[in-house]
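Single-structure report; data block below.
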Amino acid sequence: MDSRKLALLCSFLVASGCGTMYVYSAYAPQLASRLHFTASESQIIGLCGTVGVSFLGIAAGIIIDKYGTTAPIVLGGVFLLLGYSLITLCYAKTIQSVFLCALALMTAGFGSGMSFVASIKVCALNYPENRGTASSIPLAAFGLSAFLFSTMAGIFFPGNTQGFLILLTLLTSSLSLALVPFVRVIPAISHAEDEALLDDACSSSSCDSVDIYGMSLFKNIDFWKHFFIIGCIAGCGQMYIYGCGYVIRALVGPDVETSGVQSFHVGMISLLSFCGRLLSGSISDVLTRYRFSRLWMIFISLALGLVGSMLATVVTDISYLWMVSLAFGLSYGFCYGVYPTIIAEMFGMTYFSQNWGYAGSSAVFSAYFFTTTFGKVFDSHSKGDVCYEGVNCYKSAFSMAIYVFAVFVVMTLYMIHNNYQKFKQ
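Heads up, the sequence shown is in our numbering, so the first residue is 22 and it goes up one at a time.
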């Protein structure tokens, strides 16, 4: 196999082990039940995984830019091993420490971010003439990760949370550590040629006409608009992703074994996120050829999130919860499949990595707000660590999300209108 194709394949496999933060809801209720955590504490633990991937991802990018891709992938594998080993130990030995579990998931999240960002950079450098398409391969694999692992949980570890945690520990770290020799930049062309190809690629868009970063970025009102839109989609989406296990338990009752149903919904969200990531980028390219804004894909993402939030407040039968998972999965995928391109075109390619890191960090703040709100609402309706009120256990949290999505739907339409007016001029 061609070395570049082998690197692309191995990057896909490495990235497929990096999105396991989103499989947290497949074992969160069991972890909380065994260690006697409240829903709020469980949501905070899940949020720490997001902090590791998103917020510490800025640091991961700096390390990768300075030291190359090989060492960060090795470190990523080590951090994944340490993080998941610690959370497995807490579960196996019944160590009732929110701090240790949160630290464990943050460590695993940081490791995921290191390996994931490195795999994207390898693909982008190996295929400078098709950077967008090549980069979408590990990006989509990241979205597919939770589907793969939740499917394995349902098939090989039904009702066996400890076994599943051991699988996460060994497989996620092994993918990074075993494949690191193959995930490398192939020196097929010179650096000068690579830069020339990048310039040619940018000439067909607007990414060579702007170069905004640092304080100029933070003073740009458009950056903050996108910052808050990403935060809305990511925060509300993660509220459902991390709270899905609790939603399921509230609908079926605490005495019913739900691990299989949880795995199904986590897998469904992941698979639809994967599809959304693949589709949104290519569809947005078609839109731009016909002079339409890529923001229409963000409008669709927000509209899907709005529909998902509305459904979450009215679905009382577990048989129909798939509609909620479908809406949030596609919403999440559509957002992250096209937003990197939007940021690159608006603020330039030269400092794209750090600009995207800053924009993506909004997920940490919004996820904290929405996931803790979900946890507090759920706890307020619970007796001990059990809630018997069905959809009312969490309804007000998603009612709040409806209003948030509605505001940003209107704002996005306004931004699309402004872009159209500028284009006409």
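Glycine included, every Cβ here is placed at the ideal spot set by N, Cα and C.
When secondary structure is reduced to three states using DSSP, K416 falls in the helix class.
With 16 or more other CB atoms across the displayed protein chains lying within 10 angstroms of its CB, Y43 is buried. Sorting Y357, L29, A81 by C-alpha distance to the C-alpha of I207 places L29 at the top. In the pairwise beta carbon analysis, the segment 244–255 is classified as touching the segment 423–431: at least three pairs are separated by under 8 Å. Taken in chain order, the complete alpha helix (DSSP H) segments of 4 or more residues contained in the segment 317–394 are 342–368, 373–381. Here L102 has S194 as same chain residues with Cβ atoms under 6 Å from its own Cβ, once five neighbours each way along the sequence are excluded. Take the alpha-carbon of S291 and the one of S352: they are about 11 Å apart. Rounded to the nearest whole angstrom, the C-alpha separation of K397 and T59 is 9 Å. Residue pairing for K404: DSSP places it in a beta bridge opposite V407. Sequence-distant Cβ neighbours of S420 in its own chain, meaning closer than 7 Å and more than five residues away, are T334. S314 has its alpha-carbon roughly 11 Å from the corresponding atom of I304. Annotation for M331: I423 place their beta carbon closer than 7 Å to its own, counting only its chain and skipping 5 residues before and after. For Q183 and S54, the gap between their C-alpha atoms comes out near 13 Å. Inclusion of G288 and T392 in the CB contact set at 9 Å is not warranted, their separation being larger than that value. The closest CA to that of H247, considering only M344, M432, G40, is found on M432. At least 9 Å separates the beta-carbon of F386 from that of L238. Counting only residues of its own chain and dropping the five nearest sequence neighbours on each side, S197 has a CB closer than 6 Å to the CB of V35, I94, G97, G98, S136. Annotation: the continuous alpha helix (DSSP H) that includes I65 extends over 60–71. Counting only the Cα atoms, M318 lies some 7 Å from S301. Residues of the same chain with a CB within less than 8 Å of the CB of I437, apart from the 5 flanking positions on each side, are S314, L316, W317, F320 in chain order. A residue is called buried when at least 16 other Cβ atoms come within 10 angstroms of its Cβ; N439 does not meet this threshold and is exposed. Per DSSP, the continuous alpha helix (DSSP H) segment holding Y263 begins and ends at 242–273. With contact defined as three or more Cβ pairs closer than 8 Å, the segment 61–71 and the segment 121–129 are in contact. For M135, the uninterrupted alpha helix (DSSP H) run begins and ends at 119–147, by DSSP.
Per the coordinates, the alpha-carbon of F203 lies some 12 Å from the alpha-carbon of A139. Rounded to whole angstroms, I65 and V119 show a C-alpha spacing of 9 Å. If you compare the alpha carbons of S63, R270, A123, C296 with that of I339, the shortest gap goes to R270.
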